[in-house]
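Down below is the structure, laid out as structure tokens.
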């Protein structure tokens with residue numbers, strides 16, 4: 009395929025106008041030593057019909073998810089997405105635009121981001137939100153950098169019950185700035201306020217996910233208090249779906265809230281593109297990373313939106329910027345905005361409630377099933393952590409054979425949890441599917 | 003236009019999920035349950051009209067010509083949108099067993115290999131989510147490489163004065179001190195100055211080639227020698243790779259690390275500010291420092307390998323912006339090697355064509371053959387006497403349905419306008435744009451006020467950016 013429209017006659021005329029004899033002449037300043045003197049070693053180009061065939065063939069080598077029921081979660085979820093979301097995202101005025109540098113012709117993108125910021129602030133119960141980050145993991149890392157910038161302290165405390173992907177990325181980012189990362193150990197799958205007292209001495213922040221990676225509810229009130237007692241910032245990690253029904257970070261005293269918003273209308277897509285978000289108390293406005301949109305007006309008083317507080321950003325501030333982020337996840341933020349608008353408060357609450365109910369049906373069933381047990385005690389939601397006599401691999405195999413996907417092997421991330429696994433339930437899982445899963449779990453031989 | 007909060011009316015929502023009543027009190031402690039949830043309620047038709055309305059207040063490549071320098075706003079082929087949404091790709095969960103995602107892994111493995119061939123690099127990671135994220139990955143690799151050799155006194159990253167803002171911001175984020183090297187009179191790196199700056203403290207030089215002036219640095223091999231002799235690494239910012247596809251490869255220029263912007267060079271849409279993808283390629287001696295996992299191929303199967311002994315770790319969740327990777331892979335298969343070289347040919351031809359049509363109306367700071375983009379400034383007398391500036395010209399272009407070029411960048415050219423037409427535009431479009439630019443310069447002399455008060459035909463006029471900071475309104479709440 010070619011997307012270069014010139015005819016030979018076009019090229020001749022253009023070269024005549026330029027005053028060059030050939031296109032190669034336009035490359036004459038490339039030194040011979042750095043020129044590629046052979047064609048690129050790539051498969052030959054294909055017409056669209058063949059490209060379509062090739063990609064369909066590749067995609068067909070993957071499991072046909074239309075025929076499988078997924079109980080995999082742990083940070084990426086199979087949630088229902090209304091048809092409108094996909095339809096609107098294909099409006100090419102949105103997806104073929106660049107970052108809205110020219111506000112007069114970018115009011116669509118800008119207002120959508122303004123609405124996204126508003127929705128995230130409402131969900132988290134905090135004062136301000138920015139335009140998006142790459143994903144939940146980098147949002148956690150950026151929040152730690154914010155806390156370091158704010159406090160000047162070089163120790164970052166993170167609960168071990170935070171998503172292992174997020175902790176891994178946090179360590180990578182922290183190493184760059186030369187910061188120390190300290191983990192709060194698991195106490196029955198949770199963080200404990202007693203552990204903060206020692207770990208958070210001289211810390212910039214304490215990072216806690218709630219409900220945590222295992223779906224367990226953390227004792228956030230005591231954790232917030234212990235964190236603030238040490239003068240550190242409390243960074244809450246939350247799934248926005250959970251915030252539809254649960255007390256938001258702003259209400260329990262968090263200073264910053266971050267997370268992964270893939271559950272708001274974004275396909276699982278083998279791990280990306282997803283949507284990181286960050287909300288904070290007003291005091292941290294000038295420390296936020298990335299884009300922020302604000303409302304203003306033109307000289308006739310017409311309302312309009314612009315990128316604002318840009319003196320935080322790399323293109324103005326260069327090495328003194330709060331982050332190097334430039335391109336973020338704009339279209340994914342639009343997806344989340346459309347999704348949240350469609351579902352509204354009732355729909356979002358229903359997605360969360362049905363998921364929690366399903367998780368408890370599964371959890372209760374596991375309690376009654378021989379050979380498997382809940383891994384931890386206390387309240388939980390969305391995810392069910394369990395341990396069994398059979399190996400995780402055998403459970404995965406039995407589920408796959410029964411047309412189901414799951415569970416996640418927790419030992420992969422937690423050597424201290426051998427034989428532990430994680431199942432996840434969304435609003436898409438029916439009572440029958442959960443019953444069938446319990447049958448499979450019952451039948452796996454140790 | 004109204005916001006979704008102004009459109010709100012309680013009880014208007016549509017049912018998307020089963021309405022079965024759930025008693026949350028049975029599952030969660032009472033104190034954890036939220037009572038209020040101040041989100042707007044719109045009917046589906048209202049929502050569809052709202053977002054369609056927003057889209058009509060936007061401008062994309064499909065709307066018209068978008069010569070935004072350094073951003074490579076080429077046409078985004080529609081087949082890419084279809085392939086990325088194939089259920090076999092779009093519905094995969096990242097924690098699925100490897101044997102159930104062999105197609106996805108094969109695509110990634112081939113893309114790693116092809117991007118390596120295109121850039122002249124030996125190993126590629128697809129994990130970084132955008133260009134700046136790729137830069138951070140690359141500079142963390144620089145840091146890890148020097149650390150692995152116990153060479154910890156290398157505290158400086160050298161960046162040209164013409165560099166993108168992300169370069170110095172990235173170096174700082176990776177814990178380095180930023181040192182600026184000036185440009186010479188031909189617009190390239192001042193090699194004599196570079197010799198003075200390069201030292202046992204040098205960790206790396208970050209360079210874009212062609213640079214942000216659209217000029218190919220002819221002394222690139224000399225630059226590479228200076229940096230390597232000092233013990234530093236050479237980092238290639240791939241923002242401008244579109245200019246040299248199939249002509250020259252960063253690996254052959256002496257670069258050790260490169261990041262690409264798939265949303266520029268490889269036709270994936272920019273999405274109004276992402277998602278992008280910023281794969282990073284390295285020479286063989288840096289392979290083990292790449293972020294994990296990478297995709298490997300052995301015994302007829304594709305694997306996610308976590309077997310890199312010096313890896314900098316993980317840069318984000320999972321494996322990358324996978325949906326963006328599918329689009330770029332589709333593009334590379336559609337064009338092939340020959341098609342990619344033709345992309346560079348026509349991108350450079352188109353830039354030179356526009357320049358040839360406007361050079362008598364604008365100041366041209368460097369009299370050289372540009373590559374895929376070039377930088378000009380409005381004539382000095384027009385700026386000084388009539389007060390017509392680059393911003394005014396950009397805003398006046400909006401009235402003619404063009405997206406303006408990048409303005410006031412690079413910082414080393416006063417009143418800069420950076421024009422990048424890309425390869426996908428017709429001669430007529432390029433000519434029409436050049437004629438319009440010239441007309442605006444003439445108009446600026448005859449009727450400067452009209453240009454200075456542009457745009458006149460957009461849904462809003464020039465917006466008061468100072469007010470947005472002085473009286474910040476960064477969000478709206480239900481009920482005001």
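Residue numbers (the working numbering), protein chains in the order written: chain A, 9 to 454; chain B, 3 to 482. Backbone N, C-alpha and C fix where the C-beta goes; we use that ideal spot for every residue, glycine too.
What residue does the alpha helix (DSSP H) around residue 40 of chain A start on, and which one ends it?
-> Residue 40 of chain A -> no alpha helix (DSSP H), and no H or E assigned at all.
Measuring alpha carbon to alpha carbon, tell me which of A:440, A:450, A:436, A:452 ends up nearest residue 7 of chain A.
-> Here chain A covers residues 9 to 454 and nothing more, so residue 7 of chain A does not appear.
With DSSP as the reference, please indicate the residues paired to residue 421 of chain B in a beta bridge.
-> B:70, B:376, per the DSSP bridge assignment.
With DSSP collapsed to three states, give me the class of residue 158 of chain B.
-> In this structure, DSSP gives residue 158 of chain B an extended state, which the three-state scheme calls strand.
Residue-level contact to chain A via CB, residue 60 of chain B, 8 Å cutoff = So, interface residue.
Bounding residues of the alpha helix (DSSP H) (the contiguous stretch that carries residue 241 of chain A) = Going by DSSP, residue 241 of chain A is part of no alpha helix (DSSP H) but of the beta strand (DSSP E) stretching over 241 to 245.
Report yes if the CB atom of residue 296 of chain B is closer than 8 Å to the CB atom of residue 237 of chain B, and no otherwise.
-> Not a contact, by the Cβ cut-off of 8 Å.
Taking the continuous alpha helix (DSSP H) assigned at residue 2 of chain B, which residues delimit it?
-> Shown here, chain B extends from 3 to 482; a query on residue 2 of chain B therefore has no answer.
Among the residues of its own chain, which have a CB less than 6 Å from the CB of residue 252 of chain A, if the five just before and after it don't count?
-> Close CB contacts of residue 252 of chain A within its chain, under the 6 Å cut and outside five residues either way in sequence, are with 356, 357, 360 (chain order).
Nearest-angstrom Cα separation, counted from residue 201 of chain B out to residue 85 of chain A | Between residue 85 of chain A and residue 201 of chain B, the C-alpha separation is close to 50 Å.
By a C-beta neighbour count over all protein chains shown, 10 Å radius and 16 as the cutoff for buried, is residue 328 of chain A buried or exposed?
-> So residue 328 of chain A counts as exposed.
Which class does residue 217 of chain A belong to by DSSP, given the choice of helix, strand or coil?
-> In the structure shown, residue 217 of chain A falls within a strand segment according to DSSP collapsed to helix, strand and coil.
Might you give, ordered along the chain, the residues of its own chain that have their beta carbon closer than 7 Å to the beta carbon of residue 541 of chain B, omitting 5 neighbours on each side?
-> Examination of residue 541 of chain B is not possible in this model, given that chain B is present from 3 through 482 alone.
By the 10 Å Cβ neighbour count, where 16 or more other Cβ atoms means buried, how is residue 15 of chain A classified, buried or exposed?
-> Taking all protein chains shown into account, residue 15 of chain A has fewer than 16 neighbouring C-beta atoms within 10 Å of its C-beta and is therefore exposed.
Continuous beta strand (DSSP E) stretch holding residue 282 of chain B: start and end | Counted as a single uninterrupted DSSP element, the beta strand (DSSP E) harbouring residue 282 of chain B occupies residues 282 to 284.
CB of residue 245 of chain A within 8 Å of CB of residue 228 of chain A, strictly | No.
Interfacial residues, the region 445 to 458 of chain B to chain A, with Cβ spacing under 8 Å | Listed in sequence order: 457.
Look at the alpha carbon of residue 282 of chain B and the alpha carbon of residue 279 of chain A, and state the distance between them as a whole number of angstroms.
-> Taking the straight line joining both Cα atoms gives about 18 Å.
Would you list, in chain order, the members of the region 181 to 204 of chain B that have their beta-carbon closer than 7 Å to a beta-carbon of chain A?
-> Near chain A, meaning a CB-to-CB distance below 7 Å, no residue of the region 181 to 204 of chain B qualifies.
Listing by chain order, which chain A residues have their CB less than 9 Å from the CB of residue 150 of chain B?
-> Here the premise fails: no neighbours, minimum Cβ distance about 13 Å.
Please confirm whether residue 144 of chain A and residue 268 of chain A have their CB atoms less than 8 Å apart.
-> Yes, these two residues count as a Cβ contact at 8 Å.
With DSSP collapsed to three states, give me the class of residue 331 of chain B.
-> It is helical.
Measure the C-alpha to C-alpha separation of residue 52 of chain B and residue 59 of chain B and round it to an integer number of angstroms.
-> Between residue 52 of chain B and residue 59 of chain B, the C-alpha separation is close to 11 Å.
Would you tell me roughly how many angstroms separate the C-alpha atoms of residue 97 of chain A and residue 79 of chain B, rounded to the nearest one?
-> Straight-line Cα distance between these residues: approximately 15 Å.
Could you give the DSSP three-state label for residue 122 of chain B: helix, strand or coil?
-> Residue 122 of chain B sits in coil when the DSSP states are folded into three classes, being neither helix nor strand.
For residue 430 of chain B, which residues from the same chain have a beta carbon less than 7 Å from its beta carbon, with the 5 sequence-adjacent residues on both sides left out?
-> Annotation for residue 430 of chain B: no residue places its beta carbon closer than 7 Å to its own, counting only its chain and skipping 5 residues before and after.
Residue-level contact to chain B via CB, residue 373 of chain A, 8 Å cutoff = Put simply, the CB of residue 373 of chain A is far from chain B, with every gap to its CB atoms at 8 Å or more.
So with Cβ pairs under 8 Å, would you call residue 92 of chain A a contact of chain B?
-> Closer than 8 Å to some Cβ of chain B, the Cβ of residue 92 of chain A qualifies, so yes.
Note down, in chain order, each residue of its chain lying with its Cβ closer than 6 Å to the Cβ of residue 383 of chain A, except the 5 sequence neighbours on either side.
-> Around residue 383 of chain A: 393, 394, 395, 428.
Hey, is residue 158 of chain A's beta-carbon within less than 8 Å of any beta-carbon in chain B?
-> No Cβ of chain B is located within less than 8 Å of the beta carbon of residue 158 of chain A.
Compare the C-beta of residue 1 of chain B with all C-beta atoms of chain A and state if any pair is closer than 8 Å.
-> Examination of residue 1 of chain B is not possible in this model, given that chain B is present from 3 through 482 alone.
Among B:46, B:428, B:375, which has the Cα closest to the Cα of residue 246 of chain B?
-> Out of B:46, B:428, B:375, the CA that lies nearest to the CA of residue 246 of chain B is found in B:375.
Have a look at residue 325 of chain A and residue 289 of chain A and give me their C-alpha separation to the nearest angstrom.
-> One C-alpha to the other measures close to 23 Å.
Does DSSP classify residue 105 of chain B as helix, strand or coil?
-> Reduced to three states, the DSSP call for residue 105 of chain B is helix.
Nearest chain B C-beta to residue 334 of chain A closer than 8 Å, yes or no?
-> Interface with chain B (8 Å Cβ-Cβ cutoff): residue 334 of chain A is included.
Between the C-alpha atoms of residue 228 of chain B and residue 424 of chain B, what's the straight-line distance to the nearest angstrom?
-> Cα-Cα distance, rounded: 33 Å.
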